[in-house]
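Residue numbers (this note's numbering), protein chains in the order written: chain A, 24 to 155; chain U, 24 to 155; chain E, 24 to 155.
Each residue gets a CB set at the ideal place from its N, CA and C atoms; glycine is no exception.
Predicted, not measured: the structure shown is a model, and the values here were computed from it.
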Amino acid sequence: MITRYTSPKAPEPAPERWSNCIVSDGIAYFSGLTSRNADGVTIDGADEYEQTKIIFEKHKALIEAAGGKMADFTKLTIFVTRIQNNKQVWKARAEFFEGDFPACSLVEVSKLAGPDIYVEIEGIAHIGKGAR
Amino acid sequence: MITRYTSPKAPEPAPERWSNCIVSDGIAYFSGLTSRNADGVTIDGADEYEQTKIIFEKHKALIEAAGGKMADFTKLTIFVTRIQNNKQVWKARAEFFEGDFPACSLVEVSKLAGPDIYVEIEGIAHIGKGAR
Amino acid sequence: MITRYTSPKAPEPAPERWSNCIVSDGIAYFSGLTSRNADGVTIDGADEYEQTKIIFEKHKALIEAAGGKMADFTKLTIFVTRIQNNKQVWKARAEFFEGDFPACSLVEVSKLAGPDIYVEIEGIAHIGKGAR
Numbered sequence: 024m025i026t027r028y029t030s031p032k033a034p035e036p037a038p039e040r041w042s043n044c045i046v047s048d049g050i051a052y053f054s055g056l057t058s059r060n061a062d063g064v065t066i067d068g069a070d071e072y073e074q075t076k077i078i079f080e081k082h083k084a085l086i087e088a089a090g091g092k093m094a095d096f097t098k099l100t101i102f103v104t105r106i107q108n109n110k111q112v113w114k115a116r117a118e119f120f121e122g123d124f125p126a127c128s129l130v131e132v133s134k135l136a137g138p139d140i141y142v143e144i145e146g147i148a149h150i151g152k153g154a155r
Numbered sequence: 024m025i026t027r028y029t030s031p032k033a034p035e036p037a038p039e040r041w042s043n044c045i046v047s048d049g050i051a052y053f054s055g056l057t058s059r060n061a062d063g064v065t066i067d068g069a070d071e072y073e074q075t076k077i078i079f080e081k082h083k084a085l086i087e088a089a090g091g092k093m094a095d096f097t098k099l100t101i102f103v104t105r106i107q108n109n110k111q112v113w114k115a116r117a118e119f120f121e122g123d124f125p126a127c128s129l130v131e132v133s134k135l136a137g138p139d140i141y142v143e144i145e146g147i148a149h150i151g152k153g154a155r
Numbered sequence: 024m025i026t027r028y029t030s031p032k033a034p035e036p037a038p039e040r041w042s043n044c045i046v047s048d049g050i051a052y053f054s055g056l057t058s059r060n061a062d063g064v065t066i067d068g069a070d071e072y073e074q075t076k077i078i079f080e081k082h083k084a085l086i087e088a089a090g091g092k093m094a095d096f097t098k099l100t101i102f103v104t105r106i107q108n109n110k111q112v113w114k115a116r117a118e119f120f121e122g123d124f125p126a127c128s129l130v131e132v133s134k135l136a137g138p139d140i141y142v143e144i145e146g147i148a149h150i151g152k153g154a155r
């Protein structure tokens, strides 16, 4: 059955919006997460490197709540608003994965949830299937 | 095997373009659907709330054709052209889901299929796995 | 287990970035691929039709490396920077698929990996499940 997993480290939105992590048939779907905290604000002045680290800490907390690990991620989609800073995103990502990285797309969109949000990352993972 | 599901409520494109709903291994993949009708036009003056309702009516017809229900959706990706109206999208979505909503990303892109199209929504569902 | 598949026809990025094709549970996830060759440049003056053909040749090489075929694709997401040229993308795609095409979204984003890159395509396939 479809199951929602949550973590205190990844604040859920108000009811009737979305779930951060939904699992069915061992496949976990992660919402596009941002660096906003529970108050709806992000760390003042956080750049792409810092925002990406905050986002993957949330993904890590959620996938561990679902019984998985970062190596279980098979796919990421990264939406940014300043693609010229993509190497900052890559640098932060490299702190969370090793070996064969997930498949990934990275594109620049015109706007994300707020002007202080430069990065939004969604993903798919197959729980327990990562080798590492 | 891979199977295409269709509904008279969700017009398919001309041949050799895309399929609205493809199912394999019980997982349904939905194309990015818009509010355009079979004539390729959308309701005159329809805003984000109205367009989103039209889109989810199509998703509902397609997933029911595939033997599923709206609660089977695990993931949505919502592309909009005016993200400042995201609450209108949320309001319409809340009329189609309850309990644990699907995981979701919502980003503003620079253009969709036409200037009258403000919303395009794709999704993934696991047929028969929703609790509701 | 999660397995990475590669092909000499689809250059992989430097380590610690992404994998072009990751398979788990028979589901293949493809990174957003572009028309860039191993030197990081794309064919000079290539338009959407030519870029899309190069991209699907890469997808074809990768899915065949994974033991699959183009008919196994269930979903594509196409990011473009000039949506007014979408028919060129469709024309190239029609050379790689037949019958029931994959589900698909096509949106215009503000920027891709470089100014000469007009198309980026990611996808999901269920290996061996296509009828054709």
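Neighbouring residues, chain U, relative to residue i (Cβ below 7 Å)
i: E:Glu131; result: Val132, Ser133 and Lys134
Chain U contact for residue i (CB, 8 Å cutoff)
i: A:Met93; result: no
i: A:Gly90; result: no
i: A:Gly122; result: no
Assigned secondary structure, residue i (DSSP; H/G/I helix, E/B strand, else coil)
i: U:Ile140; result: coil
i: A:Ala89; result: coil
i: E:Ala126; result: strand
i: E:Tyr28; result: coil
i: U:Val132; result: coil
i: A:Ala33; result: strand
i: U:Val64; result: coil
i: E:Lys110; result: helix
i: A:Glu145; result: strand
i: A:Lys152; result: coil
i: E:Thr75; result: helix
i: U:Ala94; result: helix
i: E:Ala115; result: helix
i: U:Ala51; result: strand
Closer than 8 Å to chain A by CB, residue i
i: U:Lys98; result: yes
i: U:Ala33; result: no
Proximal residues of chain A, C-beta to C-beta of residue i below 8 Å
i: U:Trp113; result: Glu39 and Arg40
Whole-Å CB distance - residue i paired with residue j, under 8 Å assumed
i: A:Lys92; j: A:Gly146; result: That pair is no contact at about 13 Å.
i: E:Ile86; j: E:Ser128; result: 19 Å between Cβ atoms; not a contact.
i: E:Tyr141; j: E:Val103; result: 6 Å
i: A:Pro53; j: U:Ala126; result: The question names Pro, yet the displayed sequence has Phe at residue 53 of chain A. At roughly 6 Å, the Cβ-Cβ gap stays under 8 Å, so A:Phe53 and U:Ala126 are in contact.
i: A:Leu135; j: U:Val112; result: Incorrect: roughly 15 Å between the Cβ atoms, too far for contact.
i: A:Thr75; j: A:Arg105; result: Not confirmed; about 12 Å, so no contact.
i: A:Thr97; j: A:Ala33; result: Their Cβ separation, rounded to whole angstroms, is 20 Å, which puts A:Thr97 and A:Ala33 out of contact at 8 Å.
i: A:Ala157; j: A:Ala51; result: One cannot answer for residue 157 of chain A here, as it falls past the ends of chain A, which runs 24 to 155.
i: E:Thr26; j: E:Val46; result: 5 Å
Neighbour list for residue i in chain E, Cβ cutoff strictly below 8 Å
i: U:Tyr52; result: Thr97, Lys98, Pro125, Ala126 and Ile147
Beta-carbon neighbours of residue i, restricted to chain U and to distances below 8 Å
i: E:Lys152; result: Met24, Ile25, Ser47 and Asp48
Contact set between residue i and chain E, taken where Cβ atoms lie within less than 9 Å
i: U:Phe119; result: Residues of chain E passing the Cβ test: none, with the nearest at roughly 19 Å.
Proximal chain U residues relative to residue i, where beta-carbon distance stays under 9 Å
i: A:Phe162; result: Absent from the structure is residue 162 of chain A, since the part of chain A shown begins at 24 and ends at 155.
i: A:Gly63; result: Near A:Gly63 there are no residues of chain U at all, since even the closest Cβ is about 13 Å away, more than 9 Å.
i: A:Asn60; result: None at all; the shortest Cβ gap to chain U is about 19 Å.
Chain E contact residues for residue i, given Cβ-Cβ distances below 7 Å
i: A:Ile106; result: Lys134
i: U:Asn109; result: Near U:Asn109 there are no residues of chain E at all, since even the closest Cβ is about 16 Å away, more than 7 Å.
Test: residue i CB closer than 8 Å to a CB of chain E
i: U:Glu143; result: yes
i: U:Gly68; result: no
Residue-chain proximity (residue i, chain C), Cβ-Cβ < 8 Å
i: E:Leu56; result: In summary, chain C is missing from the structure at hand, where the protein chains are A, U and E.
Next item on the list: Determine, using beta-carbon pairs with one atom in the stretch 86-101 of chain A and one in the stretch 116-129 of chain A, whether at least three such pairs fall under 8 Å.
Entry: The stretch 86-101 of chain A vs the stretch 116-129 of chain A: in contact.
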